[in-house]
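These notes concern the structure reproduced below.
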Amino acid sequence: MTLEEAQLAKIDLALGKLKLEPGMTLLDIGCGWGGALQRAVEKYDVNVIGITLSRNQFAYSKAKMAAIPTERSVEVRLQGWEEFEDKVDRIVSIGAFEAFKADRWPAFFERAHHILPDDGRMLLHTILTYQWQQMPALGIKLTMNDVKFARFIGTEIFPGGQLPTQEDIFKFAEPAGFSVEKVQLLREHYERTLNIWAENLEANKEAA
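Residue numbers (the working numbering): 1 to 208.
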């Protein structure tokens, strides 16, 4: 399976859990380059709204979605979830939650629950971590290189972002009104993806 095929499979896995029906409105929080928006329109015949804080992704996604032949409503906004107030039927968020500060997690779930109907559904795809104090009992040995790498990620890749634990999702989602229906861990797939990314980067070291 290529990276492109794996990306599409990931999107299909996420959208497939939402029980989408034609004519529904789907909100994609942190819509990136518009892959999930496009797939939702083409496969499920739904209206879509994508929001992002990236000007580059906003421009790219807006142009991509404008080229899709559909009678459904398609919208991409340069907007944060804190400002979003429209009512929607479903929410998907892939790879955005870990970029939020932990003190915003309660407000995120509260806002998401507020804009959904009583039978609404949200699919949250995020990177999880363990609490540092849990790691020895799990057989996870930390080295100074691990600490340095974590610091690099926090300052250079996701400044201000924080990885949640699985317990954090329950802790903040349930008080906001959500019931967590299913947790699916994809760590082996992500490990393989990271290894392929690293190989591709090494193979294109000069260009990078």
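Heads up, the beta-carbon is just placed ideally off N, CA and C, and yes, glycines get one too.
Quick caveat: nothing in here was measured; it's all calculated off a predicted structure.
Item: Spatially closest choice to Asn47 from Gln38, Leu53, Ser73 and His114, by CA coordinates; Value: Ser73
Item: C-beta contact flag for Gly34 and Ser61 at 9 Å; Value: yes
Item: Cβ-based neighbour list, Ala173, same chain, cut-off 7 Å, excluding 5 preceding and 5 following; Value: Phe109 and Val180
Item: Pairwise C-alpha distance: Gln134 and Leu8; Value: 34 Å
Item: Whether Ala36 touches Ile94 by CB criterion (9 Å); Value: yes
Item: Separation of Glu199 from Ala207, as counted between CA atoms; Value: 14 Å
Item: N-terminal and C-terminal residue of the beta strand (DSSP E) that Arg121 is part of; Value: Arg121 to His125
Item: Check whether Thr155 and Ala6 have beta carbons under 9 Å apart; Value: no
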